[in-house]
Amino acid sequence: ECSLKVPVPEGLDSLNGLFEVLRERLRQPDYFGANLDALSEVLRNLHWVEQASVVLLHDGVTFKDVTLFGVYLSILKECVEDWERGQVGRLIVVFPAKLNERVSQLLEQLI
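Add 1357 to the 1-based position in the sequence shown for the numbering used here, that's all there is to it.
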């Protein structure tokens, strides 16, 4: 298969919940740290993944806390942009269509 599909549930209570999901579903190396810097680093360098791309499939709003969701979106945006600058492989982030406007608004607030 050419892409690794990683389901990300909605309504997480904490970053630790997200880190556990990604650790399990991305089969991250043991050295992955449980903090935002480590999340950014891991999503920018998926060298252990055999597939050509990683697709983060979000079920909905990732965090109950809107501020945390905004921070998460900004990290995703930066990581996707890094992958688009010529690295081999791709990071693809997918949210349900019903969230397009909300995600766009949150990202605009961060600029």
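For each residue, glycine too, the CB sits at the ideal point set by N, CA and C.
As the structure is a computational prediction, the values presented were derived from the model and not from experiment.
Excluding five sequence positions before and after V1399, the CB atoms of its chain that fall closer than 7 angstroms to its own CB belong to Q1385 and F1389, given in chain order. Cβ-Cβ separation between V1450 and L1396: approximately 13 angstroms, too far for a contact (criterion under 8 angstroms). Only residues of its own chain outside the window of five on either side were considered, and among them R1401, G1446, R1447 and L1448 have a CB closer than 8 angstroms to the CB of W1440, listed in chain order.
In the three-state scheme derived from DSSP, where H, G and I count as helix and E and B as strand, L1403 is classed as coil. Considering only E1381, S1371 and L1372, the residue with the shortest C-alpha distance to L1361 is E1381.
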